[in-house]
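Trainee: Here's a structure for you.
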Amino acid sequence: MLYPPAGSQSAFVLYLSVFALTRIVTEFWKLFVRVEPQGEFRIPTQIHCVTGVVHNPFLRLLLGCGFLASIYGIGALGTIIPDSWPRAVHGLLVGLSIGIAEAIAGGYKDGAIEGFSWRKFAKSPSFGALGGIIASGHTIDDVFLLLASIGSMRMFLELLFKMVVHDYAPGKFRSMRGPFTEWTTWRHHFLTPYALTWLLYIALSSHSNW
Numbered sequence: 000m001l002y003p004p005a006g007s008q009s010a011f012v013l014y015l016s017v018f019a020l021t022r023i024v025t026e027f028w029k030l031f032v033r034v035e036p037q038g039e040f041r042i043p044t045q046i047h048c049v050t051g052v053v054h055n056p057f058l059r060l061l062l063g064c065g066f067l068a069s070i071y072g073i074g075a076l077g078t079i080i081p082d083s084w085p086r087a088v089h090g091l092l093v094g095l096s097i098g099i100a101e102a103i104a105g106g107y108k109d110g111a112i113e114g115f116s117w118r119k120f121a122k123s124p125s126f127g128a129l130g131g132i133i134a135s136g137h138t139i140d141d142v143f144l145l146l147a148s149i150g151s152m153r154m155f156l157e158l159l160f161k162m163v164v165h166d167y168a169p170g171k172f173r174s175m176r177g178p179f180t181e182w183t184t185w186r187h188h189f190l191t192p193y194a195l196t197w198l199l200y201i202a203l204s205s206h207s208n209w
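Quick note: the sequence shown, position 154, residue 153 per numbering that gives the first Met the number 0, numbers continuous.
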């Protein structure tokens with residue numbers, strides 16, 4: 000096994016860790032590797048700076064390495080929290096840290112285009128802290144505490160607003176209806192697996208020994 004402590008983790012922690020890793024890989028691909036036309040997007044889906052979208056592939060990969068290094072760095076910072084502190088405090092601080100980092104990144108990425116919003120900024124730290132507290136009751140491993148915090152944070156943030164809220168379209172599109180309007184009528188097909196995702200979350204979280 001590549002990471003031996005994985006064998007001692009609960010199904011809940013592994014479930015959230017897989018969720019977190021798939022999101023990290025997806026975001027890395029979208030921001031730093033994938034090339035696609037940006038004309039339909041108000042907020043670029045590729046990494047951008049004040050001068051526009053970054054097209055240089057080497058520079059994009061270099062920035063992507065910084066993205067991964069920041070996650071690693073936050074995980075490393077979590078290891079300096081004294082072991083004598085309650086696990087819930089560990090989870091709170093780790094979840095809050097990764098949430099603040101994501102809020103800063105999102106505030107730059109989206110705020111540079113649509114303006115800064117404290118309401119949007121506060122979502123990631125709040126849900127990150129909540130996810131960390133929940134995860135702290137299921138693992139004593141710092142790596143999995145971080146991944147599980149990210150997994151819960153992304154579930155609270157992403158699945159709810161993108162699947163359930165009626166007529167919601169991500170603000171990255173130039174039109175709030177989005178360019179693929181047929182998906183507003185097809186969205187209901189995904190409600191069943193969405194509900195099952197949350198039922199599994201609740202079931203696994205209620206049994207720390209699974």
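Built from N, CA and C at the ideal position, the CB exists for glycine as well. Note that the structure is a prediction, hence the values are computed from the model and not measured.
So Gly90 and Ser135 are in contact, right, with Cβ under 8 angstroms, and what is the actual spacing, rounded?
Mentor: Contact holds; Cβ gap of about 3 angstroms.
Trainee: Are the CB atoms of Ile46 and Gly63 nearer to each other than 9 angstroms?
Mentor: Contact flag set, yes.
Trainee: Tell me the DSSP secondary structure of Gly51 in three-state form.
Mentor: Residue state, collapsed to three classes: strand.
Trainee: Which residue wins for smallest C-alpha separation from Arg118, given the options Pro192, Glu157, Gly106, Val88?
Mentor: Of the listed residues, the one whose Cα sits closest to Arg118 is Gly106.
Trainee: Are Ile132 and Ala87 touching if we call contact CB-CB under 9 angstroms?
Mentor: For Ile132 and Ala87, yes; Cβs fall inside 9 angstroms.
Trainee: Here's the rule: buried if 16 or more other CB atoms are within 10 angstroms of the residue's CB, otherwise exposed. What is His187?
Mentor: His187 should be labelled exposed.
Trainee: For His206, which option in Arg22, Thr138, Pro3 has the closest C-alpha, if you only look at C-alpha atoms?
Mentor: Per the Cα distances, Thr138.
Trainee: Below 8 angstroms, how does it come out for the stretch 27 to 43 and the stretch 1 to 19: are there three or more Cβ pairs, yes or no?
Mentor: Because the criterion of three Cβ pairs below 8 angstroms is not met, the stretch 27 to 43 and the stretch 1 to 19 do not touch.
Trainee: Of the choices Leu92, Phe120, Trp185, whose alpha-carbon is the least far from that of Ala128?
Mentor: Of Leu92, Phe120, Trp185, the residue nearest in Cα terms is Leu92.
Trainee: Expressed to the nearest angstrom, what Euclidean distance is found between the alpha-carbon atoms of Ile73 and Phe189?
Mentor: Cα to Cα, Ile73 sits roughly 33 angstroms from Phe189.
Trainee: Give every residue of the same chain whose Cβ lies closer than 8 angstroms to the Cβ of Leu199, excluding the five residues on either side of it in the sequence, and list them in chain order.
Mentor: Excluding residues within five positions, the ones whose Cβ falls inside 8 angstroms are Tyr14.
Trainee: Using three-state DSSP, classify Ser40 as helix, strand or coil.
Mentor: Reading off the sequence, residue 40 comes out as Phe, not Ser. Reduced to three states, the DSSP call for Phe40 is strand.
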